[in-house]
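Enquirer: Got a structure for you, questions after.
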Amino acid sequence: MFQRMNDIRLRNKMIIVFVLAVLIPVVLTNVIFFNLTTSSVKKQKLADINRGLEQIRNEVNDQIESAVGISTVLYNDTLLNEYIERQYGNQSDYVENYHTYMINLLDKYSPVYEAIQAVTIYSTNDTILYGGRVQRINSHVREQNWYKSVMSKLSAQPVLERNNPEYPGLAPNTLSIIRKMVDSGVNGSAEKLIKIDMHPQTIREMLQNVTLEGTVYLIRNNEIQYSSDPQQPLNDGSGRSIRYDQPDSSGDMIVLEKDFGNVTYLEDWKIVGEFKEREVLEDVSKSKLFVVYMSIANILVPTLILVWFTRSLSDRLVRILKQMKRVKNHSFETINDTPSADEIGQLTEEFNRMTLQIKSLIDDVYIADIQKKELQLSRNQSQLHALQSQINPHFLFNSLETIRMRSLMKDELETAKIIHNMAKIFRKSLSWGKDWITLKDELDLVACFLEIQKYRFGDKLNYTIHADESVLSTMIPKMTLQPLVENASIHGIEPLKEAGWIHIHIERMATGIAYTIKDNGVGIPQEKLTHMLAGLDKDDTVSDNVGMRNVYLRFKGFYGDKADFQIRSEPGQGTEITIVISDSEDI
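For the sequence shown, UniProt numbering begins at 1 and goes up steadily by one.
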C-alpha cells in the first residue's frame with residue numbers, strides 16, 4: 001500500500017487523509033458504538049449474575065452432598081450399628097469400645113471436611129454411657145423439629161434441617177443432615193439416628209460471592225435459612241423462621257432463583273438472589289463515557305494517519321542521507337527500497353546506480369591487489385607450518401629414543417619395551433611417504449599399539465594376531481586396521497569390569513582376503529549401531545564414529561565395490577567387524 005501512496009500527488013494525499021482519517025471514523029464510531037454498548041453490557045452483566053448464583057448453588061450442594069456421603073458411610077457401617085445396639089454388662093466395656101472405635105470413627109471427618117462441625121449418634125440403648133459423640137434420645141430430643149422430620153420418613157433417606165444445637169459451644173442456626181441407622185439385628189428395638197452438623201459460617205461464606213453486588217438467600221419453603229447479609233435475622237426470637245417475601249418485580253429490583261434439581265432432601269430448597277437494577281446496570285451508564293473515549297480516538301486516528309503519510313516522505317529522505325554518509329566511510333551499500341514513481345523514488349534509484357559504479361571501480365583497482373597480497377601471505381604461513389610439523393615429530397622421536405636407552409641402562413625392560421613400541425609408531429609416521437604399505441607393516445603397527453594398551457590395562461587385556469603367510473606381502477592402505485583395533489580397545493574393552501580380549505584374524509579366501517577384528521567388549525546397542533551404519537557415507541566430522549567412518553571411506557575410495565564392510569554387535573556380547581576385499585590378489 002505504501003507503493004501506491006508514493007505514486008499519488010501531495011494534494012490528493014491530503015484529500016484522502018481528510019476522508020479516511022476524519023469524516024468516516026467520526027460519523028461511524030459515534031453512531032455504531034452508542035447503539036451497541038447499552039444492550040451488550042446489560043446482557044453480559046445478567047449472564048455474570050446467573051453464573052455467580054450457579055456457582056453458589058453448586059458449592060452449597062457439594063458441601064451438603066459431602067455430609068450426606070458421610071452419613072451413608074456410617075449408615076452402612078456394621079460395626080458401628082453393632083456398637084450402638086450392643087447390651088454392655090458394665091460401663092468399662094462401653095468406655096473401652098468408645099475410645100478404641102467411636103472417637104477414631106466420628107472425629108476423623110471434621111478435620112478433613114471443613115464444613116462438618118460435629119457428627120453425633122443418638123440412641124435409646126439404656127446400657128450406653130452417654131456423652132461426647134453419643135447422645136440419648138430423650139423427651140427433649142423428641143421435641144426437636146429435626147427428630148420429628150426424620151421419624152416421619154418411612155425409609156432411611158437423609159433429612160436436611162436447620163435447628164439450634166443441643167450442646168454448648170456450637171454456633172446457633174446449625175444446618176444438619178439427619179437419617180435413621182440400619183438395624184443390625186443385635187437389638188432391633190433400639191432407635192438409632194445419625195446427626196451431622198455443618199458450620200453455619202461456612203454456609204454463610206459460600207453465599208457471600210464477591211462477584212455479586214446484592215443479597216443471596218438460602219430458602220426452604222419460602223423461609224429464610226441463611227443469608228449473605230450478616231444483619232439479616234434468621235428467626236423472629238421465638239424460634240420460628242422468617243418468611244421470605246419476594247419484592248415487586250415492577251420495582252427497581254432483579255430477582256433470580258436457582259433450585260437444586262431432583263435431589264430428594266433438597267427439593268424444597270433454593271438459592272435466591274436480589275439485585276438492585278440500578279447497581280446491575282451501572283456499567284450501562286458508563287457506556288456514555290465509552291462514546292466520549294471513542295471521540296478522543298477519532299482525533300488520535302487522523303493524527304496517526306497523517307504521521308503515516310509524512311513518513312512516506314521524511315523516512316526515505318533520511319535513509320538516503322544516511323547512505324550518503326556511509327559512502328564517505330567506504331560503505332557502498334545500496335538502499336533496499338521498493339521502486340516508486342515519485343521524486344524521492346527517482347532520487348533513490350540514481351543514488352543506487354552511482355554507488356554501484358563507485359564500488360565496482362574500487363573493487364577493480366584496490367581490492368584485487370589486497371587479495372593478491374593476502375594470498376601470498378597465507379601461502380608463506382602454510383609453508384612455515386609445514387616445516388614446523390616436520391620438526392616436532394623428529395624432536396619427539398629422538399626424545400623417546402633417549403628415554404628408552406636410559407630405561408635399558410636402569411634395567412627397566414618393560415618401560416623400555418613400551419617406549420620402543422611408541423618410537424616404532426612415530427618412526428613409521430615419519431617414514432611413510434605413500435598411501436600403501438604391506439599388511440605385515442600394518443600388523444606390526446597394530447601390535448605396537450596393543451602392547452601399549454596391554455601395558456595400561458595389564459591382565460585385563462589379551463589379544464591374538466593371526467594372518468596367513470600368503471597375505472603378509474599384500475599392499476593395503478595405511479592406517480586402516482589400527483583405528484578399528486583402537487575402537488575395540490577403548491570403546492569395547494576399557495568399560496568392562498572383567499578381563500577382555502581382541503582377536504585379529506586375516507585369511508585368504510577363494511574370492512579375496514577377509515579381515516576380522518573381534519572383541520568381547522560391552523557391545524553396541526542396536527539403535528546406536530543402526531544409526532552408525534546409516535552415517536558411514538555421511539560427511540559428519542563431529543559425530544562419535546569418525547575413525548570408523550574414515551576407515552570405511554578409505555576402503556571404499558581405494559577398492560570401490562570390491563570392499564564389503566560389515567559390523568555385528570550385541571550389548572554385553574562384544575563386536576565383530578569383517579572387511580572382505582574381493583580379488584585382492586590383482587590389486
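For every residue, glycine included, the Cβ atom is placed at its ideal position computed from N, Cα and C.
Starting from M475, follow its DSSP beta bridges and name the residues at the other end.
Expert: The residue you call residue 475 lines up with position 475 of the sequence shown. Its beta-bridge partners are T438.
Enquirer: Please name the residue, chosen from L450, A447, Q453 and A514, that lies closest to S470 on a Cα-to-Cα basis.
Expert: Here residue 470 refers to the residue found at position 470 when the sequence shown is read from its first residue. Looking at the Cα atoms, A514 is the closest of the given residues.
Enquirer: Assign M409 to buried or exposed, taking buried as 16 or more other Cβ atoms, counted over all protein chains shown, within 10 Å of its Cβ.
Expert: Taking the first residue of the sequence shown as position 1, residue 409 is located at position 409. The residue is exposed, with fewer than 16 neighbouring Cβ atoms inside 10 Å.
Enquirer: Pairing CB atoms from the segment 475 to 494 with CB atoms from the segment 437 to 452, are three or more of them under 8 Å?
Expert: Enough Cβ pairs lie closer than 8 Å, so yes.
Enquirer: Report yes if the C-beta distance between I567 and T575 is below 8 Å; otherwise report no.
Expert: As a first step, residue 567 is located in the sequence shown; it is residue number 567 there, counting from the start. As a first step, residue 575 is located in the sequence shown; it is residue number 575 there, counting from the start. Result yes, Cβ atoms of I567 and T575 sit closer than 8 Å.
Enquirer: Expressed to the nearest angstrom, what Euclidean distance is found between the alpha-carbon atoms of T541 and G547?
Expert: Within the sequence shown, numbered from 1, the residue matching residue 541 stands at position 541. Within the sequence shown, numbered from 1, the residue matching residue 547 stands at position 547. Only weak support exists for where T541 lies, its pLDDT of 47 falling under 50; the value from the coordinates is given anyway. Those two C-alpha atoms are separated by around 10 Å.
Enquirer: From residue 616 to P247, what distance separates their C-alpha atoms?
Expert: This structure does not reach residue 616, given that the chain is present from 1 up to 587, and the question cannot be answered.
Enquirer: Under three-state DSSP, which class holds H199?
Expert: Here residue 199 is taken as the residue at index 199 of the sequence shown, counted from 1. DSSP places H199 in coil when its eight states are reduced to three.
Enquirer: Decide if Q91 is buried, meaning its Cβ has at least 16 other Cβ atoms within 10 Å, or exposed.
Expert: Numbered from its first residue, the sequence shown carries residue 91 at position 91. Q91 is exposed by the Cβ-count criterion.
Enquirer: Could you tell me which residues DSSP pairs with residue 596 in its beta bridges?
Expert: Nothing about residue 596 can be reported from this structure: the residues present for the chain run from 1 to 587 only.
Enquirer: What first and last residue would you give for the beta strand (DSSP E) that runs through K562?
Expert: Taking the sequence shown and counting its residues from 1, the one referred to as residue 562 is at position 562. Here K562 belongs to no beta strand (DSSP E), and DSSP marks it neither H nor E.
Enquirer: Based on Cα-Cα distance, which residue from R456, F351, I344 and G512 lies nearest to D7?
Expert: Here residue 7 is taken as the residue at index 7 of the sequence shown, counted from 1. Minimum Cα distance to D7 is reached at I344.
Enquirer: Which full runs of the alpha helix (DSSP H) of 4+ residues lie inside the segment 104 to 166, going along the chain?
Expert: List check, alpha helix (DSSP H) in window: 109 to 112, 139 to 142 and 145 to 151.
Enquirer: DSSP three-state label for S569, please.
Expert: Residue 569 sits at position 569 when you count from the first residue of the sequence shown. S569: strand per DSSP, three-state reduction.
Enquirer: Can V119 and I196 be called in contact, C-beta distance under 8 Å?
Expert: By one-based count along the sequence shown, residue 119 stands at place 119. By one-based count along the sequence shown, residue 196 stands at place 196. The answer is yes: Cβ separation under 8 Å.
Enquirer: Rounded to whole angstroms, what is the Cα-Cα separation between P168 and G132?
Expert: In the sequence shown, counting from the first residue as 1, residue 168 sits at position 168. In the sequence shown, counting from the first residue as 1, residue 132 sits at position 132. Only weak support is given to the placement of P168: the predicted model assigns it a pLDDT of 44, under 50, and the question is left unresolved by the model.
Enquirer: Looking at the secondary structure, which residues open and close the beta strand (DSSP E) in which G512 lies?
Expert: Position 512 of the sequence shown, counting from 1, holds the residue named residue 512. Here the beta strand (DSSP E) through G512 covers G512 to D519.
Enquirer: Under the assumption that F275 contacts E213 (Cβ atoms under 8 Å), give the Cβ distance between them as a whole number of angstroms.
Expert: Along the sequence shown, read from residue 1 onward, the residue named residue 275 stands at position 275. Along the sequence shown, read from residue 1 onward, the residue named residue 213 stands at position 213. Indeed they touch by this definition, with Cβ atoms about 7 Å apart.
Enquirer: Let me confirm a value: G261 is counted as buried when at least 16 other C-beta atoms fall within 10 Å, else exposed. Which label applies?
Expert: Position 261 of the sequence shown, counted from the first residue, corresponds to residue 261. Exposed, by the Cβ-count rule.
Enquirer: Could you give the residue range of the beta strand (DSSP E) that holds T480?
Expert: As a first step, residue 480 is located in the sequence shown; it is residue number 480 there, counting from the start. Looking at the DSSP string, T480 is not in any beta strand (DSSP E), and its letter there is neither H nor E.
Enquirer: Could you check whether the segment 322 to 329 touches the segment 343 to 358, counting it as contact only if at least three pairs of C-beta atoms, one from each stretch, sit closer than 8 Å?
Expert: The segment 322 to 329 vs the segment 343 to 358: in contact.
Enquirer: What are the partner residues of K180, as DSSP defines its beta bridges?
Expert: As a working mapping, residue 180 is identified with position 180 in the sequence shown. According to DSSP, which records beta bridges pairwise, K180 is partnered with L193.
Enquirer: With three or more C-beta pairs closer than 8 Å as the rule, is the segment 19 to 27 touching the segment 229 to 245?
Expert: The answer is no - the segment 19 to 27 does not touch the segment 229 to 245, with fewer than three Cβ pairs under 8 Å.
Enquirer: Using DSSP with H/G/I as helix, E/B as strand and the rest coil, what is L175?
Expert: The residue you call residue 175 lines up with position 175 of the sequence shown. Strand.
Enquirer: For L496, list the residues DSSP reports as bridge partners.
Expert: Residue mapping note: residue 496 aligns to position 496 of the sequence shown, counting from 1. None, per the DSSP bridge assignment.
Enquirer: Determine which residues share a DSSP beta bridge with N235 and list them.
Expert: Start at 1 with the first residue of the sequence shown, and residue 235 comes out as number 235. Answer is S241, bridged to N235.
Enquirer: In whole angstroms, give me the CA-to-CA distance for L28 and G52.
Expert: For the purposes of this step, residue 28 is identified with residue 28 of the sequence shown, where counting begins at 1. For the purposes of this step, residue 52 is identified with residue 52 of the sequence shown, where counting begins at 1. C-alpha separation (whole angstroms): 36 Å.
Enquirer: Sort out for me which residues DSSP pairs R508 with in a bridge.
Expert: Stepping through the sequence shown from its first residue, residue 508 is reached at position 508. I513, per the DSSP bridge assignment.
Enquirer: Check for me: the alpha helix (DSSP H) holding V95 runs from which residue to which?
Expert: Working through the sequence shown from its first residue, we reach residue 95 at position 95. From DSSP, the alpha helix (DSSP H) with V95 extends over Q91 to N97.
Enquirer: Give the straight-line distance between the Cα atoms of P158 and N35, rounded to the nearest whole angstrom.
Expert: Residue mapping note: residue 158 aligns to position 158 of the sequence shown, counting from 1. Residue mapping note: residue 35 aligns to position 35 of the sequence shown, counting from 1. Cα to Cα, P158 sits roughly 53 Å from N35.
Enquirer: I'd like to know whether the C-beta atoms of I465 and I437 end up nearer to each other than 8 Å.
Expert: Taking the first residue of the sequence shown as 1, we reach residue 465 at position 465. Taking the first residue of the sequence shown as 1, we reach residue 437 at position 437. No; because the gap between Cβ atoms is not below 8 Å, this pair is not in contact.
Enquirer: Taking L317 as the reference, which of T348, I305 and L300 has the closest Cα?
Expert: Numbered from its first residue, the sequence shown carries residue 317 at position 317. Ranking the options by Cα distance to L317, first place goes to T348.
Enquirer: Return the chain-ordered list of same chain residues with a C-beta closer than 8 Å to the C-beta of S149, the five sequence neighbours on each side being excluded.
Expert: Numbered from its first residue, the sequence shown carries residue 149 at position 149. Excluding sequence neighbours, S149 sits near V159, E161 and I178.
Enquirer: Hey, I224 and L234: beta-carbon distance below 8 Å or not?
Expert: Indexing the sequence shown from 1 puts residue 224 at position 224. Indexing the sequence shown from 1 puts residue 234 at position 234. Cβ atoms of I224 and L234: closer than 8 Å.
Enquirer: Opposite W501 in the DSSP bridges: which residues?
Expert: As a first step, residue 501 must be located in the sequence shown, where it is residue number 501. BP columns for W501 point to N462.
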